[in-house]
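J.: The structure follows.
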Amino acid sequence: MEIVLLKFSAGLLILLFSTQKLVVLAEKISRKFRISPLIVGITIVAIGTSLPELTVSIISILKNDSGLAMGNIIGSNIANILMVFPTGILLGNLRIGTTKTQRSVLILLVVTALFFLSRYVGEFRKIFGISLIGLSVLVSFIEYQFGVSGRLHEDLKRFKMVYDEKLNSFLYLLALFLILGIIVGGILVVNSIEGISLLTGIPTTVLGLTLSAVATSLPELLTTVFSQKNHQEKITIGNVIGSNIYNLLLIGGIISLFPLTRVVSIGEWLWLVITTISFVFILRYYKGKRPPKYIGLILLLFFFVYIFTQ
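Quick note: the sequence shown, position 146, residue 146 per the UniProt record's numbering, numbers continuous.
In structure tokens, the structure reads:
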């Protein structure tokens, strides 16, 4: 057990370091290309912080453990909404955007509905999976176009006030190194969770929906903490929206290319759908406003209910 805990701690420290530096670098990229921090959070940061889920899911599916793979991405999306998002609300003054945020969260709602349909595609799973992967590329392009449009409209004042950021080749290499750090940290954390499964006898599907989901959502959680510290609260919302989209489209699409050996219960799918709808409702209701702290507390309460009912 000591070795398992040591591996978990090492993975957590690597995730902590890599994620903190990635947020700082994302802010530089935002200024350099004059793209809204929200769009940077939805795309670059979201893809980076989703790499642990991607790593876990690919390793799991190659081991014929589709229950862990599917449970991991469903649980991670739930954790992002019920753990990461309310943390941002409680840590700072999280203001909900009125334009790009609203469009992007509607994309998340549509993506969630499409992913839910993957339960019923049967023999067309591979075609459906390829379609989901293709949609992940399309969404990235759409979000980039949102960012370019915002540069000339709602973000015009923001970028008039910032200086031109200098980026050199070292920073691009650093970005690759940080992404590698997230992957390595994620692998260490997940391997330690597999050790816990062997020691406790808890099924990997249950651990995928809970412990693995929380562990692989740590980059998103740490991104929220550090982005609040650096006054980049838009990265927080963008990261949650983007991570959930890429979890479902990119990772869900890859999983759909393989046969399902274990099935996640309908109850877990309902948790995913209900939490996503609630997230969309909160962002729509508090458009242009700051959600009150009690909203964060309520979401965290439901997170603990989710964890302890698995």
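Cβ coordinates follow ideal geometry from the N, Cα and C atoms, glycine included.
Only counting the same chain, and skipping five residues up and downstream in sequence, which positions put a Cβ closer than 6 Å to that of Gly253?
T.: Gly129, Leu132 and Ile133
J.: State yes or no: is the C-beta of Leu249 within less than 8 Å of the C-beta of Val139?
T.: yes
J.: Going straight from the alpha carbon of Pro290 to that of Asn93, what length do you get?
T.: Residue identity check: residue 290 is Arg in the sequence provided, not Pro. Those two C-alpha atoms are separated by around 6 Å.
J.: How about Thr236 and Gly97: are their beta carbons less than 8 Å apart?
T.: no
J.: Rounded C-beta distance between Glu268 and Val84? I'm assuming under 8 Å.
T.: Actually they are not in contact, since the Cβ atoms of Glu268 and Val84 sit about 18 Å apart, beyond 8 Å.
J.: Comparing alpha-carbon positions, which option in Ser76, Lys126, Leu174 and Phe124 lies nearest Lys21?
T.: Leu174
J.: Going by the CB atoms, is the gap between Val190 and Ser212 shorter than 8 Å?
T.: One thing to note: Ser212 has its Cβ within 8 Å of the Cβ of Val190.
J.: Hey, quick one: how far does the alpha helix (DSSP H) through Phe258 stretch, first residue to last?
T.: Premise fails: Phe258 is in no alpha helix (DSSP H) and is neither H nor E.
J.: Identify every residue that forms a DSSP beta bridge with Ile96.
T.: Lys287
J.: At the 8 Å Cβ level, is Leu248 part of the contact set with chain B, yes or no?
T.: Considering every chain present, this structure includes no chain B. It has just one protein chain.
J.: Given Val206, which residues of its chain have a CB within under 7 Å of its CB, disregarding the five upstream and five downstream residues?
T.: Gln310
J.: So which of Lys7, Gln102 and Leu260 has the shortest CA-CA distance to Met70?
T.: Leu260
J.: Identify whether Ser217 lies in helix, strand or coil by the three-state DSSP scheme.
T.: coil
J.: Excluding five sequence neighbours on each side, which residues of the same chain lie with their C-beta closer than 7 Å to the C-beta of Phe258?
T.: Ile61 and Ser66
J.: Taking C-alpha atoms, which residue in Tyr306, Gly186, Phe303 and Ile196 lies nearest to Ala10?
T.: Gly186
J.: Would you identify the three-state DSSP class for Leu156, choosing helix, strand or coil?
T.: Legend: pLDDT at Leu156 = 49, less than 50; position of this residue unreliable, no value from coordinates given.
J.: Mind checking whether Asn80 and Ser243 have CB atoms under 8 Å apart?
T.: yes
J.: Measuring alpha carbon to alpha carbon, tell me which of Tyr246, Ile3, Leu25 and Leu106 ends up nearest Thr223.
T.: The residue with the shortest Cα to Cα distance from Thr223 is Leu25.
J.: Would the beta-carbon of Phe308 fall within 8 Å of that of Leu82?
T.: no
J.: Going by the CB atoms, is the gap between Ile193 and Gly48 shorter than 8 Å?
T.: no
J.: When the Cα atoms are used, what is the spatial distance from Ile44 to Leu5?
T.: 31 Å
J.: Counting only the same chain and skipping the five closest in sequence on each side, list residues whose C-beta sits under 8 Å from that of Ile196.
T.: Val4, Ile202, Leu207 and Leu211
J.: Checking 8 Å against the spacing of the C-beta atoms, do Ile39 and Gly288 come in under that value?
T.: no
J.: Starting from Phe304, trace the alpha helix (DSSP H) both ways and give me its first and last residue.
T.: In this chain, the alpha helix (DSSP H) harbouring Phe304 covers Lys293 to Phe308.
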